[in-house]
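Working notes, structure below.
Protein chains: 2
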Amino acid sequence: MSQTGYRQFCPVAMAAEVLCTRWTMVLLRELIAGSTRFNELRRGVPRMSPSLLSRRLRELEEAGIVTRHPVPEQPEVLEYRLTEAGRELRPVIEAFGFWGQRWVESRPSLENLDPSLLMWDMRRGLNPAPLPDRRIVVQVCYPELATSKRDWWLVVEADGTVDLCQSPPGFDVDLYVTTDLRTMTAIWMGLTTVSDAADKITYDGDPALGRSMQGWLGLSPFAGERKRVP
Amino acid sequence: MSQTGYRQFCPVAMAAEVLCTRWTMVLLRELIAGSTRFNELRRGVPRMSPSLLSRRLRELEEAGIVTRHPVPEQPEVLEYRLTEAGRELRPVIEAFGFWGQRWVESRPSLENLDPSLLMWDMRRGLNPAPLPDRRIVVQVCYPELATSKRDWWLVVEADGTVDLCQSPPGFDVDLYVTTDLRTMTAIWMGLTTVSDAADKITYDGDPALGRSMQGWLGLSPFAGERKRVP
DNA sequence: CAGTATCCTATCCGATACTG
DNA sequence: CAGTATCGGATAGGATACTG
């Protein structure tokens, strides 16, 4: 948004004035997804500069959408929590995502892949329920990428917490998944499925884990919506 | 929105890229409310410059949200109609308006009154059902305004169509309503009611029409939502 | 790690004037 | 009435470097 506000008394305009500035909706998506710390937010919105992130967080605070709380143990570190006004933005974000999934062509955004963002999102959404009741380690490999971004480990603890590592976590790997980043992203977005993309994925390790992957892989919250444009 | 897109594969970001540019959400509100012609849109979004409106309409067309159709009788005149993708933006706009009504402080926007915009919105929303089954003419007067913006006539035909005039329509006036613009705007937004603001409104003419005004006056679609901020 | 200040440029947008 | 071209200024926001 540029220049001054809309100076209209319509609630849509009033909301747009707060919400329709660059990165704001994406940042709110991240907050609503549960991130609370500055660098957590940065991981979810990696192309946003830290100075702009800092500024937006202050603006959201002024708008009554987030509050900053010092973290109990660590002094000088803040946690950003949504207020009730912020939590009530969930339907707004969902409406955006729902519409975007249906009506925005995804080809262009599939040109802008980002393994760390994808893995970060997968970590967040991973569904441990179908997994065996012990620690499970899944290694994902994207052979076409540079070494520093090639290998990722998802560590699902018995209690259901999930960690993402970029170096071997020191536990035995239960399943190796090798594919290309575009395929994995398309699966995450719900544009294809594990079985439809079977010829582009190879598994090694526990075969049962590979077969059930579609079930425990955490997909985008909007993956269920069918595209309405090519 | 500035600069290039977000280059993210998240549907929220994809939608925001299309929708979160200046004036776009407000323009869409107007399209969804039913305006189809260039100057109709201008009346609904009066502070938007015609060049930007033109540009946005082209962008919305590129995004598959509107299509332009030549008007049957008049050559060289276009009508802007929402596509299915555009019609599916209704819940998005509604989510914005709903949230804006609840959580954005309205004092600042009540500093930016605009009688022609207000009357235009009232014309659109007016509910003819409770009115007698004949032509009804209501004259609204804002004494504090300059003569050119002081008097407005709402002409409700027997078939329910409503016209807005800025000069006497030539029919007898059934009801004169005199108030100040701020009061009328607050009523339209649902921040107050006709009866709560009774001391700021005077009526002349058919008393029954005055008494039933809250019922036939067209309020903002979001007027029913209670503010959650002061 | 968490966050801010500075600087500079791209670009968005507003005003105005203009055409079919 | 319907819509577009031009132009210049404001400012948003990206890059970078820096501090507690």
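Here the protein sequences line up with chains A and B, keeping their order.
When we follow my numbering, the leftmost residue of the first sequence carries the number -9, and every step to the right adds one.
When we follow my numbering, the leftmost residue of the second sequence carries the number -9, and every step to the right adds one.
Every residue, glycine too, gets a C-beta built ideally from N, C-alpha and C.
Residue j beta carbon less than 7 Å from that of residue i
i: residue 180 of chain B; j: residue 154 of chain B; result: no
i: residue 205 of chain A; j: residue 164 of chain A; result: no
i: residue 59 of chain B; j: residue 52 of chain B; result: no
i: residue 85 of chain A; j: residue 85 of chain B; result: yes
i: residue 99 of chain A; j: residue 4 of chain B; result: yes
i: residue -1 of chain B; j: residue 175 of chain A; result: yes
i: residue 219 of chain B; j: residue 110 of chain B; result: no
i: residue 121 of chain B; j: residue 152 of chain B; result: no
i: residue 187 of chain A; j: residue 173 of chain A; result: yes
i: residue 145 of chain B; j: residue 158 of chain B; result: no
Short CB-CB distance (under 7 Å) between residue i and chain B
i: residue 180 of chain A; result: no
i: residue 183 of chain A; result: no
i: residue 90 of chain A; result: yes
i: residue 148 of chain A; result: no
i: residue -3 of chain A; result: yes
i: residue 110 of chain A; result: no
i: residue 3 of chain A; result: yes
i: residue 115 of chain A; result: no
i: residue 83 of chain A; result: yes
Buried/exposed call for residue i, threshold 16 Cβ in 10 Å
i: residue 119 of chain A; result: exposed
i: residue 90 of chain A; result: buried
i: residue 162 of chain B; result: exposed
i: residue 211 of chain A; result: buried
i: residue 12 of chain B; result: buried
i: residue 1 of chain A; result: buried
i: residue 6 of chain B; result: buried
i: residue 96 of chain A; result: buried
i: residue 150 of chain A; result: exposed
i: residue 169 of chain B; result: buried
Beta carbon proximity, residue i to chain A, threshold 7 Å
i: residue 195 of chain B; result: no
i: residue 25 of chain B; result: no
i: residue 56 of chain B; result: no
i: residue 19 of chain B; result: yes
i: residue 40 of chain B; result: no
i: residue 213 of chain B; result: no
i: residue 220 of chain B; result: no
i: residue 174 of chain B; result: no
i: residue 105 of chain B; result: no
Beta-carbon contacts of residue i that lie in its chain and below 6 Å, excluding the five residues immediately before and after
i: residue 50 of chain A; result: 56
i: residue 22 of chain A; result: 80 and 83
i: residue 61 of chain A; result: 67 and 69
i: residue 253 of chain B; result: Residue 253 of chain B lies beyond the stretch modelled for chain B, which goes from -9 to 220, so this question has no answer here.
i: residue 171 of chain B; result: 103, 105 and 132
i: residue 8 of chain B; result: 53
Spatial neighbours of residue i in its chain, beta-carbon cut-off 7 Å, leaving aside the 5 residues before and after
i: residue 25 of chain B; result: 31 and 34
Close beta carbons around residue i, own chain, < 8 Å, minus the five adjacent residues each side
i: residue 184 of chain A; result: 177, 191, 203, 204 and 207
i: residue 135 of chain B; result: 105 and 171
i: residue 182 of chain B; result: 173 and 176
Near the ligand PLP: residue i beta-carbon under 6 Å from a heavy atom
i: residue 206 of chain A; result: For the structure depicted, the ligand PLP is absent and the ligand set is empty, with no information on it obtainable.
Exercise. List in chain order: all unbroken alpha helix (DSSP H) runs of 4+ residues lying wholly within the stretch 98 to 168 of chain A.
Key: 105 to 115, all fully within the stretch 98 to 168 of chain A.
Quiz item: Can you give, in chain order, each stretch of the beta strand (DSSP E) that sits fully within the stretch 166 to 203 of chain B and has at least 3 residues?
Solution: DSSP runs (the beta strand (DSSP E)) wholly in the stretch 166 to 203 of chain B: 192 to 195.
Quiz prompt | Whole beta strand (DSSP E) elements within the stretch 61 to 85 of chain A, 3-residue minimum | solution = Runs found: 68 to 72.
Exercise. Please list the segments of the alpha helix (DSSP H) lying wholly inside the stretch 12 to 55 of chain B, counting only runs of 4 or more residues, in order along the chain.
Key: Listed in chain order, they are 14 to 23, 28 to 34 and 40 to 52.
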